[in-house]
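Right, one structure below, let's go through it.
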Amino acid sequence: RPYGLLKASAVGKIPGRFQLHQEALPPLPVPPLQQTLDRYLLALQPIISEEELSHTQELVAEFCKPGGVGERLQKGLERRAKKTENWLSDWWLKTAYLEYRLPVVVHSSPGVVLPKQDFLDRQGQLRFAAKLIEGILDFKAMID
1 RPYGLLKASA VGKIPGRFQL HQEALPPLPV PPLQQTLDRY LLALQPIISE
51 EELSHTQELV AEFCKPGGVG ERLQKGLERR AKKTENWLSD WWLKTAYLEY
101 RLPVVVHSSP GVVLPKQDFL DRQGQLRFAA KLIEGILDFK AMID
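Numbering (the working numbering), first residue to last: 1 to 144.
Structure, rendered in C-alpha cells:
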C-alpha cells in the first residue's frame, strides 16, 4: 500500500474506456513508401529553398528505386508490423519521450489548455482560432 495515500482499488490495474476497446481496433498500417515520400516532400516545400527541394527530390528518387534502400526498409517495417501489435509505438515512446533530451511538452507533445469558450456563432469561433494561431506564431517567432 503506497503510504496510505491511495485507496487500494486505485492502485490496481483497472481498464478505462480507452483500454477497453484497444483489442477491437485494427493494427496500425504501415503507409506505402511512395505515400510517405510524397508527404515528406510536401512538408519540406514551405521550409527549404527551390534548390534544396530539387536536390532532396533527387535523393528521394534514388532512395525509392526498386531494390533500393527505401524498398528494403519498407519491407522491414512490414515484417515488424506482422510481428508486433503496433510497429511504431515502441520506437515512438523510446525516441520521443525517453531519448530526446529537450522538454517533452514543447517538442513531443505540444498542447494547450484554455478556459471554456461560449461562442455565439461560427464567426466567433473563427476569430478565436485566428487569434490563437497568431499568438502561437508570435511565440514561435520569439523562440526561433
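Even glycine gets a Cβ: it sits at the ideal position worked out from N, Cα and C.
- In this structure, valine 60 lies away from leucine 88, with their beta-carbon atoms at least 7 Å apart.
- When DSSP states are grouped into helix, strand and coil, valine 106 belongs to the helix group.
- Using a C-beta cut-off of 8 Å, the segment 79-96 makes no contact with the segment 42-57, since fewer than three inter-stretch Cβ pairs fall below that distance.
- In the displayed model, serine 54 falls within a helix according to three-state DSSP.
- Its Cα nearest to that of leucine 28, the residue Glu85 stands out among Leu41, Glu85 and Leu53.
- Collapsing the DSSP output to three states places phenylalanine 63 in a helix.
- Around the CB of glycine 70, 16 or more other CB atoms lie within 10 Å, so the residue is classed as buried.
- Nearest to lysine 116 by alpha-carbon distance, out of Gly76, Lys83 and Phe128, is Phe128.
- In the three-state DSSP reduction, serine 49 falls in the coil class, being neither helix nor strand.
- Rounded to whole angstroms, the separation of the alpha carbons of glycine 135 and valine 30 is 35 Å.
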